[in-house]
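Please read the structure below before turning to the comments.
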DNA sequence: GGGAGAAATGAAAACATTTGCAATATTATT
DNA sequence: AATAATATTGCAAATGTTTTCATTTCTCCC
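Residue numbers (the numbering used here), protein chains in the order written: chain U, 1 to 339; chain W, 340 to 678.
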């Protein structure tokens, strides 16, 4: 009963050879219209579904793109993945998704898995990766794209924003407002080039006006509202408050804002708060969050285009793209209040 | 130069037959330790990577699970996808991800694509799907799991929460507080069983105390902070305010809270606001959001387990699971203020 | 040292396709 | 109506594995 319905069954039902059936799928113009009709009928009647695995072993593209991310559930990656996958799907590919939770060893293992699946291309988040991983991809000459961050001298073409610049923009804004007592909340910087670069940008911009973030005010919190909120609550409890808090991304800023609201500290009157990213909802926050716009959707779409171009075209095309960031000055930043 | 490095090349390099190489991967105990060592050396030296496509056409599992979601970038799905993918990866599978943007025709097309890729199982979000899609999956007897919502009489096993109950819980809470003038913000209900059921639960709970949500207070907003905020701003502009706003999920509630804050309306003094979902950050909101906890991570993990069980075991196991919801009464709800 | 039995290996078929080439059918041309 | 050109189709080989079965190689024991 469980008649495996392969291309041969279809051929039999349509009274043609398997070759013709195959051709009717892949080069329809090579088969007579009437035969094609017979074949289509047989396909429908048998409920035949093509087997991409069998195609793939002929060197035909598998139609999949491997996407390896640190995690899916951070607002910012979610948006990126969404636009990337949308665009990739529209180009006829499907995404093979894996997350490594910021563990570079796991990233390597996942990369191997992607290669086993014979994906047509691989996209990784960020510039920094284990040497192993990069070598593996190069050695298998797998079309590879680095996503989210941009650097002119990365190991592979990249599509993304300049995180250093993003940090610098916000740092300069805070500096220009005249703040001298500045705190920062960032996630752990190790193995996270985005965060490191942003932080470097912020500190450099502040240094430029002679302002340094004291050790005690360098708060560390993984990207979550909860941790940021409690970090800032602790800061408030300390008593010695800065006049501005620069946050590594918008989620941290939200947490900070909640903490300040709860502590009855006026924003921006007594405290300036800034984010980075301009996530959905940041503009609608009350007060509206000053941040740096990193256009995730644009990056995702451009990246999809780029990776597909890399997999399809023979010659080495330069597909990198630097997506510009933009500072969004809104309601949470202002001149330092009276100390 | 581009020597295709297949299992035969490895065999040659290790001076054994391809069969032995294959065995050394799949049944290592059947090959002598010394030979295995030779093979491993050859593998490393040639940089060989197994070709799952070739395995798959032998009826061997492809090691992939198709996950079809409406969209990735809604807070709630992101969390779900994250936990699902994590768990699935730990069980040795990889996720083939696709999103249809609430378009059931696209969902059908994507399902076909998954079948072409010979995934070992398919997980869909929600109970409601095009008849086509369900038939296709049944006809190909593809292990299928419905994710996120639970219903005892769904077409396939499902792992998820009872959205009606979630709605009912929150509706009952609002009713119990004594609210009679209640508004609701929900996304468009069509093709979204989660939202419809929640709304039904809310209205039923309110009906039970003789309270009806008037037509004018049934606000519609897709799941985004921005739309919810402007919907509530419009409501405020109208002038005739309810004493409670029940939101279809937490994101909508955030938007509503921002609008109220901006309008200077005290929560919970003048207005009660509730969400559904208990997303990351809702507890930390100021004031802390009253909502219904739907444990996305639990659902994702349980679902991963279930789908893997479905794909691996022969007999029909009943793998459905109803994940309980729980009301989280926090700071945004209280008795109705003076009108 | 000769077998018996077990352990390890290899040969070849099978899996579901695609494709180059040859064979056949259909048209067009005179 | 015959020939040439072209459009369709089928045959068979190829793709990279796994697996069954047969064969070879080891061990162990008397």
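All C-beta atoms in this analysis are idealised placements derived from N, C-alpha and C, irrespective of residue type, glycine included. Please read all numbers here as calculations on a predicted model, not as lab measurements.
- Nearest to residue 313 of chain U by alpha-carbon distance, out of U/143, U/119 and U/17, is U/143.
- Taking residue 345 of chain W as reference, the option from U/294, U/116 and U/105 with the minimal CA-CA separation is U/116.
- In the structure shown, the three-state DSSP call for residue 43 of chain U is helix.
- By the neighbour-count definition (other C-beta atoms within 10 Å, threshold 16), residue 397 of chain W is an exposed residue.
- Each residue's CA atom was taken as its position, placing residue 158 of chain U and residue 124 of chain U some 9 Å apart.
- Secondary structure at residue 24 of chain U: helix, using DSSP grouped into helix, strand and coil.
- In this chain, the beta strand (DSSP E) harbouring residue 488 of chain W covers 483-488.
- By the C-beta criterion, the stretch 407-423 of chain W is judged not to be in contact with the stretch 595-605 of chain W, since fewer than 3 inter-stretch pairs fall below 8 Å.
- Under the Cβ criterion (8 Å, minimum of three pairs), the stretch 315-332 of chain U counts as touching the stretch 284-291 of chain U.
- Per DSSP, residue 669 of chain W lies in no beta strand (DSSP E) and is assigned neither H nor E.
- For the options U/146, U/197 and U/163, the alpha carbon positioned closest to that of residue 70 of chain U is the one of U/146.
- Contact between the stretch 607-614 of chain W and the stretch 510-523 of chain W is present: 3 or more CB-CB pairs across the two stretches fall below 8 Å.
- The stretch 124-177 of chain U contains, as complete alpha helix (DSSP H) runs of 4+ residues, the segments 131-139 and 163-176 (chain order).
- Taking the Cα of residue 494 of chain W as reference, the smallest distance to any Cα among W/515, W/502 and W/467 is reached at W/467.
- Here residue 250 of chain U is buried: its Cβ has 16 or more other Cβ atoms, across all protein chains shown, within 10 Å.
- Counting along the chain, residue 436 of chain W sits inside the beta strand (DSSP E) bounded by residues 433-438.
- Secondary structure at residue 646 of chain W: helix, using DSSP grouped into helix, strand and coil.
- Counting only the Cα atoms, residue 324 of chain U lies some 43 Å from residue 536 of chain W.
- Counting only the Cα atoms, residue 666 of chain W lies some 38 Å from residue 94 of chain U.
- Using a Cβ-Cβ cut-off of 9 Å, residue 593 of chain W is close to 281, 284 and 285 of chain U, given in chain order.
- The bridge partners DSSP lists for residue 186 of chain U are U/220.
- The Cβ of residue 121 of chain U sits no closer than 8 Å to any Cβ of chain W.
- Taking each of W/355, W/473 and W/419 in turn and checking the Cα distance to residue 641 of chain W, the smallest one comes out for W/419.
- In the displayed model, residue 71 of chain U falls within coil according to three-state DSSP, outside both helix and strand.
- Only those residues of the stretch 322-336 of chain U whose C-beta falls short of 7 Å from the nearest C-beta of chain W would be listed, and there are none.
- Of all residues in the stretch 90-102 of chain U, only 94, 95, 96, 97, 98, 99 and 101 place a beta-carbon less than 8 Å from a beta-carbon of chain W.
- Between residue 62 of chain U and chain W, the shortest Cβ-Cβ separation is below 8 Å.
- Interface with chain U (8 Å Cβ-Cβ cutoff): residue 411 of chain W is included.
- Rounded to the nearest angstrom, the gap between the Cα atoms of residue 592 of chain W and residue 223 of chain U is 22 Å.
- Legend: CB atoms of the stretch 559-581 of chain W lying less than 9 Å from CB atoms of chain U belong to residues 563, 564, 565, 567, 568 and 569.
- DSSP links residue 66 of chain U through a beta bridge to U/96 and U/122.
- Annotation: residue 661 of chain W to residue 634 of chain W spans about 11 Å, alpha carbon to alpha carbon.
- With a minimum length of 4 residues, the unbroken runs of alpha helix (DSSP H) contained wholly in the stretch 219-266 of chain U fall at 225-238 and 250-263.
- The three-state reading of DSSP puts residue 292 of chain U in strand, counting E and B together.
- It is roughly 36 Å from the alpha-carbon of residue 212 of chain U to the alpha-carbon of residue 99 of chain U.
- Among the residues facing chain W, residue 184 of chain U is not included, as its CB has no counterpart in that chain under 8 Å away.
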